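Here the structure is laid out as structure tokens; the discussion comes afterwards.
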Amino acid sequence: DLFYRQIPKVELHAHLNGSVSFVTMEKLVARKPHLNIESSRTAIRSGQRRTLAECFQVFKVIHQLVDSEEDILMVAKSVIEEFAADGVKYLELRSTPREEPKTGLTKRRYIETVLEAIHQCKQEGVDIDVRFLVAVDRRNGPEVAMETVKLAEDFMLSSDGVVVGLDLSGDPTVGHGKDLLPALQRARNSGLKLALHMSEVPSQKEESELLLDLPPDRIGHGTFLHPEAGGSDSLVDKICKLNIPLELCLTSNVKGQTVPSYDKHHFQYWYERQHPCVLCTDDKGVFCTDLSQEYQLTASTFGLSQEAVWTLSLQAIHCSFAPEALKHSLVQRWAELRPHIL
Ligand code: 5GP
6 DLFYRQIPKV
16 ELHAHLNGSV
26 SFVTMEKLVA
36 RKPHLNIESS
46 RTAIRSGQRR
56 TLAECFQVFK
66 VIHQLVDSEE
76 DILMVAKSVI
86 EEFAADGVKY
96 LELRSTPREE
106 PKTGLTKRRY
116 IETVLEAIHQ
126 CKQEGVDIDV
136 RFLVAVDRRN
146 GPEVAMETVK
156 LAEDFMLSSD
166 GVVVGLDLSG
176 DPTVGHGKDL
186 LPALQRARNS
196 GLKLALHMSE
206 VPSQKEESEL
216 LLDLPPDRIG
226 HGTFLHPEAG
236 GSDSLVDKIC
246 KLNIPLELCL
256 TSNVKGQTVP
266 SYDKHHFQYW
276 YERQHPCVLC
286 TDDKGVFCTD
296 LSQEYQLTAS
306 TFGLSQEAVW
316 TLSLQAIHCS
326 FAPEALKHSL
336 VQRWAELRPH
346 IL
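Counting in the UniProt record's numbering, the sequence shown runs from 6 upward without gaps.
Quick look at the structure:
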């Protein structure tokens with residue numbers, strides 16, 4: 006449906022390497038024939054499901070294909086252009102800095118290269134504002150987390166406002182959030198915004214309670230926070246009191262099998278309570294989706310009017326980590342772009 010494509014949108018939960026499109030993936034595969042990877046292996050098509058564990062195997066394959074500055078520049082530029090082509094006007098991209106001794110890639114160069122891609126897109130007039138969240142992969146433990154936070158702090162000060170925050174992601178079944186608290190606390194104290202994956206799997210209630218005390222500025226997924234899903238009233242109360250927005254990714258959760266079907270997605274629970282919910286893609290490449298499709302899917306599953314969809318997209322501006330002046334100009338932009346049929 007054209008409506009969902011045409012409306013301006015905000016994307017706040019997009020992992021760089023999970024967002025690489027099929028077309029770009031084929032280019033990467035062609036660059037590295039020795040790896041013998043089929044580009045179809047990195048995408049989960051419509052009707053297909055994977056366990057969350059299998060999804061994390063897919064990221065390992067993609068990381069083999071994206072391991073140099075040249076690769077990162079290409080994937081970051083194409084991902085930004087693809088979001089812009091889908092009507093995204095403001096994007097917060099996140100990615101885990103990696104070092105690859107084989108290609109001489111360092112974590113610092115990794116981030117610099119993503120920032121260079123953002124800069125080049127701006128120079129080339131791509132109609133999208135992009136910010137960056139430095140990601141901590143929980144699998145790598147507390148020392149790496151602390152090192153990543155320090156790197157993020159440096160870039161927050163030197164990137165002209167492009168680096169705005171920190172993401173906590175990676176396999177939720179590995180490691181415990183309590184070990185990462187010192188790093189997350191430090192990030193928070195230094196002014197980095199926190200977007201944390203929380204309760205993505207059922208066993209994380211205790212961890213979510215700890216993380217909520219930071220508190221985070223946004224929550225990724227939060228699938229099992231509410232009492233019906235094994236969470237608790239106290240978790241929900243805290244989140245509501247602090248008005249912490251949720252980043253919700255329907256296709257990702259259904260294809261990754263943490264949610265049994267679209268109509269059972271926790272979007273309903275939080276939306277009914279008028280809690281700020283932001284629709285996001287998570288990994289548009291891996292899950293073969295885009296943000297327009299996520300909006301359309303949510304509208305058709307939960308019977309949202311076009312006006313309600315418009316309000317969701319407008320509200321997302323206020324959930325972003327953009328500075329107030331930019332939020333203000335985005336709101337104005339939305340007013341100009343509001344379809345006449347509304
Ligand atoms: P990258 O950080 O390399 O740009 O993007 C891929 C990484 O994002 C994965 O290795 C993983 O750490 C994280 N990621 C992507 N999708 C998900 C998800 O659905 N859940 C969690 N917890 N982490 C994810």
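Here a beta-carbon is modelled for each residue, glycine too, at the ideal position from N, C-alpha and C.
None of the values given here were measured: they were computed from a predicted structure.
Is any non-hydrogen atom of the ligand 5GP found closer than 8 Å to the C-beta of residue i, if you look at the structure I gave you?
i	result
Gly23	yes
Glu205	yes
Leu57	yes
Ile85	no
His271	no
Asp72	no
His345	no
Phe229	no
His181	no
Pro177	yes
Ala140	yes
Ile49	no
Cys285	no
Asp76	no
Gly225	yes
Arg103	yes
Arg114	no
Cys60	yes
Gly261	yes
Asp288	yes
Taking residue i as the reference, give the member of the options with the closest Cα.
i	options	result
Asn248	Pro265, Ser45, Arg223	Arg223
Lys127	Cys254, Pro328, Leu96	Leu96
Glu104	Phe307, Leu215, Asn145	Asn145
Thr47	Leu7, Glu121, Val154, Phe64	Phe64
Pro232	Asp142, Phe27, Ile244	Ile244
Gly261	Val25, His345, Cys60, Leu251	Cys60
Val168	Arg54, Ala157, Ser174	Ala157
Leu217	Ala234, His270, Pro250	Pro250
Leu319	Glu329, Ala188, Arg338	Arg338
Leu317	Ala330, Glu329, Leu331, Gln301	Gln301
Arg54	His323, Gln279, Val259	Val259
Arg191	Ala122, Leu219, Asp176, Val80	Leu219
Gly52	Cys282, Ser266, Ala234	Ser266
Do residue j and residue i come within 9 Å of each other at the CB atom, strictly closer than that value?
i	j	result
Met203	Gly227	yes
Ser100	Ala140	yes
Leu57	Thr256	no
Ser213	Thr178	no
Arg10	Ser297	yes
Ile49	Cys293	yes
Lys94	Asp134	yes
Gly166	Arg193	no
Lys14	Ala321	yes
Ala19	Leu98	yes
Glu87	Ser26	yes
Gln69	Leu40	yes
Trp275	Leu253	yes
Ala313	Ala327	no
Glu148	Leu110	no
Gly236	Asp172	no
residue 2	Gly92	This structure cannot settle anything about residue 2, because the visible part of the chain is limited to 6 through 347.
Leu215	His271	no
Lys82	Ala35	no
Leu189	Met161	no
Under 9 Å between C-beta atoms, does residue i make it to chain C?
i	result
Tyr300	Of the protein chains in this structure there is only one, and it is not chain C.
Practice task
Please go through the region 143–202 and give each complete alpha helix (DSSP H) segment of 4 or more residues, from N-terminal end onward.
Solution key: 146–163, 182–194
Handout entry: Secondary structure, beta strand (DSSP E): runs of 3+ residues fully inside the region 42–110
Key = 93–100
Problem - Inside the region 271–299 only - alpha helix (DSSP H) runs reaching at least 4 residues - result: 272–277
Handout entry: Start-end ranges of the alpha helix (DSSP H) lying completely within the region 211–260, minimum 4 residues
Key = 238–247, 255–260
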